[in-house]
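Numbering (the working numbering), first residue to last: 17 to 112.
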Amino acid sequence: MIAYLGKGSRELAAKEKMKLLFEAFDSDGGGNLDVEELTEGLQTFDIYLTKQQVKALMPDTDVDGDGVVSFEEFIAQIEEVILKEWFENEHRYVPA
Ligand SMILES: [Ca+2]
Ligand SMILES: [Ca+2]
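The structure is reproduced here in structure tokens:
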């Protein structure tokens, strides 16, 4: 996945998309995602977790432990759980 993202202009496009995605999650525009925003954001990907379940995942995602997910933390986690499938789908429909 890292190697995939590292390919030239595609890397830029990917970062740009992740930024947009992050901003879509960040409904209060504060630059961090709290449990509530994550829970609602994941639902747009048809991933239905309860707040308790999201909270249980936070230690994995919230690397610096401040209780919210920064853009960097978001990128690291989203690569694993969502983005892979997202890009695979995109590739299927829009061949490079
Ligand atoms: Ca927020
Ligand atoms: Ca954090």
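All C-beta atoms in this analysis are idealised placements derived from N, C-alpha and C, irrespective of residue type, glycine included.
What residue does the alpha helix (DSSP H) around residue i start on, and which one ends it?
{"i": "D76", "result": "K67 to T77"}
{"i": "T55", "result": "V51 to Q59"}
{"i": "I91", "result": "F87 to I94"}
Here's the rule I'm using: 16 or more other beta-carbon atoms within 10 Å means buried, otherwise exposed. How should residue i be labelled?
{"i": "G81", "result": "exposed"}
{"i": "E32", "result": "exposed"}
{"i": "Q59", "result": "exposed"}
Would you check whether ligand 2 has a heavy atom nearer than 8 Å to the C-beta of residue i?
{"i": "E95", "result": "no"}
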